[in-house]
Each structure stands twice: as structure tokens, then as C-alpha cells.
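*Asks:* For reference, the structure I am asking about is given below.
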Amino acid sequence: MICGFCGYTFDEKDGKQGCGGCSGGCHSIHCPRCNYKNPLEPELVKKIRRIFKKNDSDKGDAE
Amino acid sequence: MSSSSNNSSSEPAGRAGVRRVALVGNPNVGKSVLFNALTGAYVTVSNYPGTSVEVSRGNSTIEGESWQVIDTPGMYSIHTITEEERVAREILLHETPDVVVHVLDARNLERMLAMTVQLIEAELPVILVVNIMDEAERMGLKIDLELLQKRLGIPVIGAATARNRGVDAIRAAIAGYKRQGDARRRFPYSRLLEQDINEIAGMMTGEYILSRRSLAMLLLQQDEEIIEIVRHREGEGYPVLEELAREISFKRRGSFHLNLSLERNEIAKDLLNGVFVAPDKRVVTWAERLSNWSVKPLTGVPMLLIVLYFGLYKFVGQFGAGTVVDLLEKRFFVDMVNPWVIGLVKKIVPWEIVQELIVGEYGIITLGIRYAVGIILPIVATFFIFFSFLEDTGYFPRLALLVDRVFKYFGLTGRAVIPMVLGFGCDTMATMVTRTLETVRERVIATVLLALAIPCSAQLGVIIALLSKAPGALAVWSVCLLLIFIAVGLLAARILPGEAPMFYMELPPMRLPQFSNVLTKTYTRMQWYFLEILPLFVLASVLLWLGKVTGFFEKAIDAMTPVMASLGLPREAAVAFIFGFFRRDYGAAGLYDLQTKGLMDARQLTVAAVTLTLFIPCVAQFLVMKNERGWRVAGGIGLFVSLLAFGSGYLLNQLLLVTGLLA
């Protein structure tokens, strides 16, 4: 993902998540470079993206 | 689904029979975007054995054939310095990829092409991807990719992977890659360098993955890992080789590395002669022009005011908090839902006290749900659309640079823009983000300013909508808040002496946001916000109902009546302040109700809005302040903010009465 503040490209797992401040679970990832709080892509959107990916036969498959 | 395992002993090698493609290049050239485009959602991430450097791997079916795609860490040269570079080279050396895709940034072609030259010299199976072509074209740069391909003797593809441009061509190039032995170029260096390289390369007899010519250069650059490999492969012949390398290094007085780099840069320059054409007068794109304007005070401040006017005032205030709230709260809830629900509950539930809890004055549905869905939801939705749009343009880091000079007077730096900007979304979460500021002093000052003068999105939306109806009221509110923000900032910097740290940051390019991205971010933020406020609003309704049933609520209003009177506000205004104890947005919604009932004139509305904005932070923010700064600091800030809020409200009321402003 790309940080909305500094533009740094990072993997979701590299950002800090889950400071415990928000009720109802964490929906954000802090950029490892500037600490800006970026919204996490919702599962629903991820699923939709995956469907589009799967429809493209040339693209990736499961490891 | 992406999975990750931080297992340092994980095997780097892929499955048998699967071909491998390694993506290499400088950091931030779009390697990861290309990796995601090639592999889809399924990837594994593991530490490279013996290191803490993570390497992503995924599988892809390209033209019917299985490939393992390896996203290597960023590297600037085959001659490695950092651990990341060492890992990237290890992958090239030990995992023998069938294809190496070198991704570089079209805008920095000359600087990055030196590594392509190195990869070709090493006789690796290279494909060159000239990425970020869209930005380069916008800058007026012209790149003759065909000519470059001819000169390099390897496939060259132009791409803009972030926009999915060129990805199919990259796939086709990977699938159809064939070593082009004769077409591959050899890049000659000066006679002296060539002599040194040839002498060393000529003495090597072992089998290597990299070419002997490339290894000779690395040996002469004293590359320790390469020295070990060559020592191992050459066996008994190595001491002679070592002696020769030492002799050459001595003769060149250790300048081999510098000479090689300079000559390689010249080679890159020659390769690009006629390939890379920059316009005589560099085309300054609109994005660059806007970027320049936004950071200069003379143009940046008017730009900020324009952004605030159209984004906050027109879109969030007038459209969100005005038109949409009117539609949802009045037309939908008050006119349609509430009468029907009240009738239904009164028919089903025989007990008046329970009826009161569900559909009474402070009922869960008639107040809690109505506030959450009818008032707050449309405001935060429009606010988050505006916020996400602005975020994706790349404006925020420019705002940080713009205010850095002013923030220095408050003991802060432009970095404090991050919690301040986030504070407009939610002050509670922004207070937590202050922990990322460099010094304790900065953190305390930022916490005070957040608690005091940064209204959250819902509060801001309601206040803009209410005050924009009375001419001049919004201007009075804005000036008051700005003056208090500045005064408290200056005061805090005096009370807490110390040096503000340096602030610098690399500016990402300004871009036109993608509609789908803005919507996705808005959806996530709204989902989080709504899930958080709905139970709290329901709980607040229950507490208010309890207060009403027990008579405690009336007593609280009675107790606050003299305070309200000193501010020139009606007794009923105490309700909004009591609501504000629960949450800032709940208090703002209470203010909205009072205005729609016609209980306050323009002066009273402005005084109430200023006092409520400055008023003690909501319970959640107070608890976070306590966690971050401790009871003493949090209590001190709470007390200071409350006194300042009511003091400012009192003074403003007197000023408005005396001057007759807003009368």
C-alpha cells in the first residue's frame, strides 16, 4: 500500500497495527516511515479485487 | 490471502520445475506494484536465511507456464553495501533466476541505467522495464525505447505499472525470453581499466553464474563476498589471482572503484545519447506548479483557504451538514421514521418508562439513532470524501512544509501536521498519534492544541452548517479559534522551553486521485467511525434517560444554568454541553437540535459554538490523554481547557454585546 501522507510504498505487514485505541477493532495501518494512519483496505474490497484477479487467467495463482 | 512467515530458516528455493523471475532495481521504482500485478493476491513473505531482510515470493502462470516471482529488496548496484543489497545479489547468485527484470524510473534513467549496464556485463538474463513512463511523459521527457533496446541488446519495455500499463508486455517478454548472445552488448572501458579487468578475468578458471569480466571488476573493488566465492572456486590458483588484484589496486592507488563508477556513468550517458530527450525548456506540469505554489507562504496560504472554502465550507458544511442532513434527519427521521416508530412502540410496549427509553425525548431511536444516522453519518461521510480526496492528491505533506515555519513558534514542526490533520477526523485517535512526535515537549503541546482547538469532523460540519446561516458568525468563530490556537501555541512553547527538532521530508508527487481509491478509503473510515459512535450514542441515550428518570439530568441542567447565563445562553443550551461530555459530536448534534427549535440567535449560537469547540475533550479523548501523558498532565490539560473554553465564551459574549456584532 502507499502511505497517504509521505507516499512511501510498503507492505501491510510492515506497518504498525492494533494500538488498541479504537473500539470495534483496528481498521488502520501506521506507515513505517512517517507513522501516518492509513485506512486498511476492507475485506469486502479485497474480495472484489480477488474476483477480478481470478477472472484474469493470465494472472497469479495460489502458492 | 497474503500469508507471512518470519522464519529465518525458510528455504529460498522455489519448487522443482518452476521457472523463476527476479525483480530487481532501486527502492521506490514500482517493483512491488509490478510484483503484485504479476502474482495476484497470493504471496509468501519470509526472512532471507540468516538475515532480517524480508523477501516476497509469489507464483504466476504466464502464457500457460508456471513461474515463481521474487521481489528482491532495493539495490543500487551489483557492488553491494547494505544488507538489503547483499540479499538481492544473493538471490541473483544462488537462486539462478531464469529471467531478471530490472525495473527503473524513467525520470531518472541516466542515474539508474548504470545498474542495467552492470547486469548485462554480468551476463544475467535481463529484461529492462522503464517504469513510471506516465510521469516522464507529463514532464515532457521523450524516450526512444527501440533505440535503447538496440543499444543494450536486451528487451526493453516502457511501463507505468501503477496504472497497469505495460504489464501484459512484461509478461510476454518474460514468457518469450531468449538469451540474445550475439546481440548482447559489451561496454568497453578505458584502455587502462580494460587491461586490469582482462588480466584478472583471464586468470579465472572456475565456473560462475556471473561473468568473469563482472567478477573481475567486483574483485578489484574488494567485494568481500565475491572474494570468498572466487577463493572457493579457484582453489589453488587463487593466491596468484589475489596477488595480482593487490598489485593492481596498489598501482591504481585504490581509485579503481571511483574510475569504474565514473566510466560506467559515461557509458550510461552515451547509451542515452539520442534515446533520452529532455525538452529545451523543461515542461513544468500542472502538478508540479500546484506543488510549488502549495509550499510557498504567499501562494500556499490562499490555496489553503480555497481548499478549506470549497472542501469544508461548501462540500462538508453546506452540502453534507446542510442538504443531506436536512434530507435524512428532517425528511426521513423526523417526518417519516419517528412518528411511525413512536406509534408502534406505544402500541406494543405498555410501560411509559420503557416507551420513554426507546422513543422518548432522549430515546435510543428518537435521539441516539437519529443523531448517529441522521446528523453525524452524512457529515462524516462528506468529510471523509473530502479528506480522502485531499490525502490522495499528496497535499498533506505540502501542508506540513507550509506550516512548519509557523509551527516552530509553537515549539512544533511540520511533522505535527499529521496528528492535527487526523484530529479533524477524530481527536481521540489523533492524540494517540502524538506519540510519534520526536520530543515529549512536542507531544504535550500537540495534545493541548488537539484537546482545545481542533474540532472533530462531525462537530466541525455541524458548526459550519449552523453558523453559515447567520452572516458573519462563521468568520467570528474562525477568527476566535485561530487566535486562541496561536495564543495557546505561543504560550505552551514559552512554558515548555526547548528546541524544536529539524523537519524535512521527501515530497511525493502531486496526483489526481483515483475515484475508486477515494471511495474505498471513505468507506473504511466511515465504517470504523460509525461502528464506534453507534453503541456510544445508544449508551448516551440510556444514561440521559436514566438521568431524566432519576431527576439527575434536571439537577445537572439547573447546576449549569448560571454558567449558561454568564455566557448569555438559554438554560436549554446546558443540554448540548452535557451531551458534549459524552462525545464532541454528540454535543454538536445537540446544538443542531437547539438551533432547529429556534432557541438561539446568531450571537448565542456563535458563543455556544466557540465554547463547545474549545470545551473539555470527550471522555474517550480524555482517557487516551491519561494513557499517553499520565493523570497529572491529562487532568491539568482538562482543567485548563475547560476554564479557557468558558472564559473565552464569556469574553466573546461581552464583546459581541458591546460591539453589537451579529446583533
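If you read the protein sequences in the order shown, they are chains A and B. When the first sequence is numbered by this note's numbering, its final residue is 549 and no position is left out of the sequence of numbers. When the second sequence is numbered by this note's numbering, its final residue is 836 and no position is left out of the sequence of numbers. Glycine included, C-beta positions come from ideal geometry on N, C-alpha and C.
#1: Can we say the segment 663-678 of chain B touches the segment 611-626 of chain B, given the rule of at least three CB pairs closer than 8 Å?
#2: For A:Pro528, which residues in chain B fall below 9 Å Cβ to Cβ?
#3: Suppose the cutoff is 6 Å on Cβ atoms and the five residues either side in sequence are ignored; what does the same chain contact list for B:Leu742 look like?
#4: So which of B:Phe560, B:Ile251, B:Lys519 and B:Ser467 has the shortest CA-CA distance to B:Ala573?
#5: Buried or exposed, going by whether 16 or more other CB atoms sit within 10 Å of the CB of B:Glu319?
#6: Closer than 7 Å by beta-carbon distance: list the chain B residues that pair up with A:Pro525, in chain order.
#7: Cα separation between A:Lys545 and B:Ile235?
#8: The segment 601-622 of chain B: which residues have C-beta closer than 8 Å to a C-beta of chain A, in chain order?
#9: Where B:Thr212 and A:Gln503 are concerned, what is the direct C-alpha to C-alpha distance, given to the nearest angstrom?
#10: Is there at least one Cβ from chain B nearer than 8 Å to A:Gly493's Cβ?
#11: Going by the DSSP bridge assignment, what does A:Pro525 pair with across the sheet?
#12: Grouping DSSP H, G and I as helix and E and B as strand, with all else coil, what is B:Ile300?
#13: Three or more C-beta pairs under 8 Å: does that hold for the segment 479-493 of chain B against the segment 511-527 of chain B?
#14: How about B:Ile316 and B:Ala279: are their beta carbons less than 8 Å apart?
#15: So with Cβ pairs under 8 Å, would you call B:Glu564 a contact of chain A?
#16: Determine the chain A residues that contact B:Gly567 at a beta-carbon separation under 7 Å, and present them in chain order.
#17: If B:Gly247 sits next to B:Glu257, beta carbons under 8 Å apart, how far is it from one beta carbon to the other, in whole angstroms?
#18: Specify the secondary structure class of B:Gly331 as computed by DSSP and reduced to three states.
#19: Write down every uninterrupted run of the alpha helix (DSSP H) in the segment 456-541 of chain B whose length is 4 residues or greater and which is fully enclosed by it, in chain order.
#20: Can a CB atom of chain B be found closer than 8 Å to the CB of A:Gly501?
#21: Is the separation between the beta-carbon of B:Phe750 and that of B:Leu785 shorter than 8 Å?
#22: Taking B:Ala335 as the reference, which of B:Pro686, B:Pro512 and B:Ile370 has the closest Cα?
#23: Does any CB atom of chain A fall closer than 8 Å to the CB of B:Ile591?
#24: Mapping the DSSP letters down to three states, classify B:Gln687 as helix, strand or coil.
#25: Could you spell out the range, first to last residue, of the beta strand (DSSP E) harbouring B:Arg192?
#26: Is it true that the CB of B:Phe569 sits closer than 8 Å to the CB of B:Gly598?
#27: Just to check my reading of the structure: B:Ile343 and B:Val274 have Cβ atoms closer than 8 Å, yes? What is that Cβ distance to the nearest angstrom?
#28: Could you give the distance in angstroms between the alpha-carbon of B:Ala761 and the alpha-carbon of B:Trp804?
#29: Which of the three DSSP states, helix, strand or coil, is assigned to B:Ile235?
#30: Using C-beta distances below 8 Å, list every residue in its chain close to B:Val606, excluding the 5 sequence neighbours before and after it, in chain order.
#31: List, in chain order, every chain A residue whose beta-carbon is nearer than 7 Å to that of B:Leu595.
#32: Taking Cβ positions only, does B:Asn201 come closer than 8 Å to chain A?
#33: Here's a check: name, in chain order, each residue in its chain whose Cβ is nearer than 8 Å to the Cβ of B:Met285, leaving out the five neighbours to either side.
#34: Using a beta-carbon distance below 8 Å, is B:Pro246 in contact with chain A?
#35: Against chain D, does B:Ser205 count as a neighbour if the rule is that its beta carbon must be under 8 Å from one of theirs?
#36: Take B:Ile537 and list the residues in its own chain whose beta-carbon comes closer than 6 Å to its own, dropping the five residues that flank it on each side.
*Replies:* So, from the data block:
#1: yes
#2: Thr693, Tyr696, Thr697 and Gln700
#3: Gln777 and Ala781
#4: B:Ser467
#5: exposed
#6: Lys694, Thr697 and Arg698
#7: Annotation note: pLDDT 43 at A:Lys545 (below 50); position unreliable, coordinate value reported separately. Taking the straight line joining both Cα atoms gives about 7 Å.
#8: Thr601, Met602, Met605, Val606 and Thr609
#9: 25 Å
#10: yes
#11: A:Ser514
#12: strand
#13: no
#14: yes
#15: yes
#16: Gly493
#17: 6 Å
#18: strand
#19: 459-468, 470-480, 511-521 and 525-532
#20: no
#21: yes
#22: B:Pro686
#23: yes
#24: coil
#25: Arg192 to Val197
#26: no
#27: 7 Å
#28: 27 Å
#29: strand
#30: Ile591, Pro592 and Leu595
#31: Lys523
#32: yes
#33: Gly198, Asn199, Val202, Leu277 and Asp278
#34: no
#35: Here the protein chains are A and B, and chain D is not one of them.
#36: Ile531, Val711 and Ser714
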